[in-house]
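Throughout the sequence shown, residue numbering follows mature numbering (1 follows the signal peptide of the UniProt record, and there is no 0), covering -25 to -1, 1 to 65 in sequence.
Please read the structure below before turning to the comments.
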Amino acid sequence: MLPALGLVFGATLAMAMNFADPSNANDPKFGSANGEVYNVTTRTMGPGALQYQCNLSQSDCLYEDSDLITPIPSSEGQFVPGSGLTPIED
């Protein structure tokens, strides 16, 4: 019984480590729409007013810097800010 419990615990821990990526949860994230740049570092993706979306497109959606030079891997799409988000000032 004890070895089976250890196996279940190990599998659960492996899955948790695979899905959780706390190292980049607070990494800077910026998007651009209509010539404005938005800081969405603390925002989540979704349809809400204080969220953003990356619609299907052949472009980069999010960047690591406000100058929009370094795209974030696996963040393709057209950046669409929620209606409650305000652009950063230059």
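Don't be surprised by glycine CBs; every beta carbon is placed ideally from N, CA and C.
In this structure, the beta-carbon distance from C29 to G52 falls below 8 Å. DSSP, reduced to helix, strand and coil, places S32 within a strand of the structure shown. Taking the Cβ atoms as the reference, F54 lies roughly 3 Å from G6, within the contact range of under 8 Å. Scanning its chain for C-beta atoms nearer than 6 Å, with the 5 sequence neighbours on each side dropped, one finds around S32 the residues G52, Q53, in chain order.
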